[in-house]
Amino acid sequence: MSGHSKWSTIKHKKAITDQRRGARFTKLAREIIVAAREGGPDPEMNFRLRLAINNARASNMPNDNIDRAIKKGAGLDGSGEQLHEVMYEGYAPGGAAIMVQALTDNRNRTASEVRSRFTKAGGNLAESGAVAWGFDNKGTITVTLESGAAEDLALEAADAGAEDFSIDGNTIEFTVSRTDLARLRTFLDGRDGVTVDQAEFAMVPKNQVQLDTPRAQQALRLLEALEELDDVQKVYTNADFPNEVLAAASG
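With positions in the sequence shown counted from 1, the corresponding number in my numbering is that position plus 239.
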């Protein structure tokens, strides 16, 4: 498994188990709100909403919270809150590219907070389009394998649309086209001994930038600082982290 994929796995596990579960719920609720606003409140007709609900349930988000978020997004609660999707691009120390996806009700506030995190970490916020060319808009699915061989599952998943995969112990991360994400999710949901932990649209790097240990530590601190911002939903990077840096982060 590449350094980037390992970081994605560590990030997902920490989001579920750390003490910031309340912040996690807020981010999940915001994704549900935007999905319901754009595609309607019926998850059967709105795949983005269905993904958001499934991810919320995987994080043990209460059903009442999910229902409130759907109603807010569909304009059924009278709140009138408007969230805007914004993508920021920049560079970490060592030159690794970073993309930051945010949902905000105040673009100026969010831009200032994101820029501050980049500056403090020794990176820099770039213009729109500066690094986006180095990423593909894909789907990713992370699963936990409770029985069976990971390699066998990965090969079978290719017939359901999986384009690539990476394995870390009993965790597998699949990359798939956006159009095949639902098909692959359905296939994996139907497999015994497989638990789907997360399925989402993601920016997947075309190539990776290897970082030495000092730069990798700086970059990792920047990524974590960005993810702590309330308005930030997801952070993507093409950094390839040394195993010892990731091991320390997972501890």
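Positions of the beta carbon are idealized from the N, C-alpha and C atoms, including for glycine.
Contact check, residue i vs residue j under 8 Å by CB: the rounded distance?
i    : j    : result
L267 : A313 : Contact flag wrong, Cβ pair sits at about 17 Å.
N376 : M442 : 6 Å
A308 : M338 : No, A308 and M338 are not in contact; Cβ-Cβ is about 24 Å, not under 8 Å.
I292 : I305 : 6 Å
Taking 8 Å as the cut-off, decide whether the C-beta atoms of residue i and residue j are in contact.
i    : j    : result
N446 : G329 : no
I411 : A397 : no
Q340 : Q472 : yes
V484 : G334 : no
A360 : Q456 : no
T414 : T379 : yes
E439 : S416 : no
R348 : S298 : no
G400 : R430 : no
A331 : A487 : no
E366 : L342 : no
A437 : T476 : Residue 437 is actually Gln in this sequence, not Ala. For Q437 and T476, no; Cβs fall outside 8 Å.
How is residue i classed by DSSP in three states: helix, strand or coil?
i    : result
A538 : Because the chain spans 240 through 490 in this model, residue 538 falls outside it and cannot be assessed.
D419 : helix
A291 : helix
E277 : helix
P444 : strand
F426 : helix
F480 : coil
S405 : strand
E412 : strand
Q321 : coil
E270 : helix
A308 : helix
D303 : helix
A438 : strand
Could you tell me the distance, in whole angstroms, from the CA atom of residue i to the CA atom of residue j?
i    : j    : result
N363 : E395 : 42 Å
N482 : P453 : 13 Å
R460 : L420 : 31 Å
G242 : V435 : The predicted position of G242 is uncertain, since its pLDDT is 45 and thus under 50; a value taken from the coordinates is nonetheless stated next. Their backbone Cα atoms lie some 21 Å apart in a straight line.
T418 : A275 : 19 Å
A350 : T383 : 36 Å
Q258 : E466 : At Q258, the pLDDT of 49 sits below 50, so the modelled position is not reliable; the number obtained from the coordinates is stated separately. One C-alpha to the other measures close to 14 Å.
A391 : E352 : Residue identity differs from the one stated: residue 391 is Asp in this sequence, not Ala. Their backbone Cα atoms lie some 45 Å apart in a straight line.
- Item | Complete runs of the alpha helix (DSSP H) confined to the segment 326 to 389 [at least 4 residues] | The segment 326 to 389 contains these whole alpha helix (DSSP H) runs: 346 to 359.
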